[in-house]
Amino acid sequence: MSQLAGGSSRIAILVPCYNEAATIRKVVEDFQREIPEATVFVFDNNSTDGTAELARAAGAVVIPEKKQGKGHVVAAMLEKIDADYYVMVDGDDTYPADRVRDLLEPVATGRADMVVGIRRAADAGAAYRPFHVFGNRLVVTMVNKIFGARLTDIMSGYRAFNRDIADNLPVCAYGFDIETEMTVQCLYHRWVIHEVPVAYGVRPEGSESKLNTFHDGLRVIFKILSLFRSYKPLTFFGGLAILFFVMGCLCGVWLSAGQWGPDSGYRLAMIVIGATMMAMSLIAASIGVIVQLINFRFLELDSLLRRRRGSSNGGM
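Be aware that the sequence shown starts at 4, since it is given in the working numbering, and climbs by one per residue.
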């Protein structure tokens, strides 16, 4: 693998692709021109339009990934490529190769673990559709509120990161929600994320987006809720506990208002419902506390293991 100019660090450009014959050659050549000391790896995800052959002809190292889905491709990238610094970029020629060093610089100097190229709608014109802008803002707002972050764009496909992330980032998503999962995992593991504005270009003629606005948008939202449940269990289950508790109290208020006689079937039903809500509130709160304690223990172990790995790799 090629080395970083003026040093011994290795840089890998990772390009996930599925039927990007119209753009892949230009993407490979652009990054080879902008950062010739790096090695460009194209991960071909069962393309049928000659993407792999075009990438290989342009000088990229082509690696096939048979499991369909961008998440599977990203998992394969992190598993198969050994480098010091990584740049992940889509193969549709919508991200500018001339900003690659701006993304790498904070990572290479140790100021950030991951740098995300935040897309600017004003630079993209029709490429960044209004509904996508709304969806991105909704997702970003949810993540910022849940994890206490101040991010601008968490679904960008253009990002640089270091070896620590490549070695330790869990990848569970299999579709276009992979970028969201990567960002949330970084927040949870307390890796430092920086953002660099980049122009988001228009796909050239003959290149079609694989993103389904509604289907993939819903998948991203469900992914966030799933990660919220997993990584903020006390908040998630605590919220459910409060909801059940309030519902149980409402049942009690209704009963105390004396709407039904003592022998009313409705009264018995409200007693059962109220008691059930209170029990569910207690169960949800208990689950939240237990999972929170387990998560905290895992964070302690993760921090310890990372520190030991750093020491074994030549730390001071």
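No residue lacks a Cβ here, since even glycine has one placed at the ideal position from N, Cα and C.
- Within 10 angstroms of the beta-carbon of Lys235 lie 16 or more other beta-carbons, which makes it buried.
- Contact between Asp96 and Thr26 holds: CB atoms are separated by about 4 Å, below the 8 Å threshold.
- Counting only the Cα atoms, Met145 lies some 17 Å from Gly241.
- According to the DSSP assignment, Met91 belongs to the beta strand (DSSP E) that extends over Tyr88 to Met91.
- Nearest in C-alpha terms to Ile274, of all of Glu303, Cys254, Met283 and Ala282, is Cys254.
- Contact between the stretch 139–156 and the stretch 111–124 is present: 3 or more CB-CB pairs across the two stretches fall below 8 Å.
- Under the three-state reduction of DSSP output, Ala78 falls in the helix class.
- Check the Cα spacing between Asn49 and each of Val31, Ile38 and Glu23: the tightest is with Glu23.
- DSSP places Ala15 inside the beta strand (DSSP E), whose first and last residues are Ile14 to Cys20.
- With fewer than 16 other Cβ atoms inside 10 Å of its own Cβ, Tyr269 counts as exposed.
- Taking a 10 Å sphere around the C-beta of Phe137, we find fewer than 16 other C-beta atoms and assign the residue as exposed.
- Bridge partners of Glu198 according to DSSP: Val119.
- Contact between the stretch 169–177 and the stretch 197–206 is absent, with fewer than three C-beta pairs closer than 8 Å.
- The C-beta separation of Met80 from Phe46 comes to about 6 Å, placing the pair in contact by the 8 Å criterion.
- Looking at the DSSP output, Asp47 bridges to Cys20 and Pro67.
- By the neighbour-count criterion, in which 16 or more other beta carbons inside 10 Å mark a residue as buried, Phe301 falls on the exposed side.
- The residue from Val249, Glu198, Leu296 and Arg104 with its alpha-carbon nearest to that of Ala278 is Val249.
- The straight-line gap separating the alpha-carbon atoms of Val142 and Val223 is approximately 8 Å.
- From the listed residues Lys29, Ile290, Gly72 and Cys252, the smallest Cα separation to Ala100 is found for Lys29.
- The straight-line gap separating the alpha-carbon atoms of Glu68 and Ala169 is approximately 18 Å.
- As DSSP reads the structure, Thr183 sits in no beta bridge.
- Following the DSSP letters along the chain, one finds Arg162 inside the beta strand (DSSP E) bounded by residues Arg162 to Asn165.
- Shown here, Thr42 sits in a strand according to DSSP, grouped into three states.
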